[in-house]
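In the numbering used here, the protein residues as written are 338 to 537. Structure first, commentary second.
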């Protein structure tokens, strides 16, 4: 991960933490300190909440922007390699059940080719016959695969990707926390809620 993405993620966690704490503690903010300068005795204290929500939206936007620019390719690569490795082993098992042990494993079209081929698995089966050069002959095989046949490996990949890789803490948790903060604190009856500020 890049330093700039890590900074945006950290900032998003901080502003989420402030909003969540303020919401659950039912905080009435009467004083604000920025860069060593303290402000107190507000005539319009909801201005602090305006400020917090603007900072929230800003850091959420920055997090999303840096994710797309710096991390999306890494995120996609992790996803595709994990999906391919798990589902491809299931496809190999299906091909072996269909053609026996004589299939050429190197010719099995993978998960993403299976999707492009309208869920038809293509591979080569080696024959007992030999060509004039002495090499074993092979024949092209096709096997229609139901989406349900690969559903369980796909679900395992989703679970593993979400909970057993760094994708959870690096990418998904900041977004999930931001969504929770917006729904729980932003749409509540709390005085600092986003909807209350807009209605004033």
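Cβ atoms here follow ideal geometry from the backbone N, Cα and C, with glycine treated the same way.
Pick from the options that is closest to residue i, judged by C-alpha positions
i	options	result
residue 472	492, 387, 463 and 478	463
residue 534	389, 377 and 340	389
residue 401	469, 520, 507 and 532	507
residue 499	394, 422 and 412	412
residue 497	344, 423, 360 and 373	423
residue 489	361, 426 and 396	426
residue 395	353, 418, 406 and 536	353
residue 447	429, 523, 365 and 468	429
residue 348	380, 515, 406 and 449	515
residue 474	504, 456 and 439	439
residue 397	525, 527, 509 and 532	509
Segment limits, beta strand (DSSP E) that includes residue i
i	result
residue 420	That residue, residue 420, is in no beta strand (DSSP E); its alpha helix (DSSP H) goes 409 to 436.
Per-residue burial, residue i [other beta carbons within 10 Å of its own, 16 or more giving buried]
i	result
residue 391	exposed
residue 460	buried
residue 495	exposed
residue 530	buried
residue 420	buried
residue 358	exposed
residue 511	buried
residue 362	exposed
residue 445	buried
residue 437	exposed
residue 451	buried
residue 487	buried
residue 523	buried
residue 518	buried
residue 470	exposed
Span of the alpha helix (DSSP H) around residue i
i	result
residue 475	Careful: residue 475 lies outside any alpha helix (DSSP H), inside the beta strand (DSSP E) at 473 to 481.
residue 488	488 to 500
residue 359	340 to 361
residue 533	531 to 536
residue 518	510 to 518
Alpha-carbon to alpha-carbon, residue j and residue i
i	j	result
residue 387	residue 482	54 Å
residue 458	residue 485	14 Å
residue 465	residue 477	14 Å
residue 345	residue 431	45 Å
residue 403	residue 520	24 Å
residue 384	residue 513	26 Å
residue 441	residue 341	46 Å
residue 502	residue 491	15 Å
residue 393	residue 449	38 Å
residue 537	residue 456	55 Å
residue 364	residue 380	17 Å
residue 406	residue 414	14 Å
Residues that DSSP places opposite residue i in a beta bridge
i	result
residue 458	480
residue 440	462
residue 399	DSSP output for residue 399 lists no bridge partner at all.
residue 467	473
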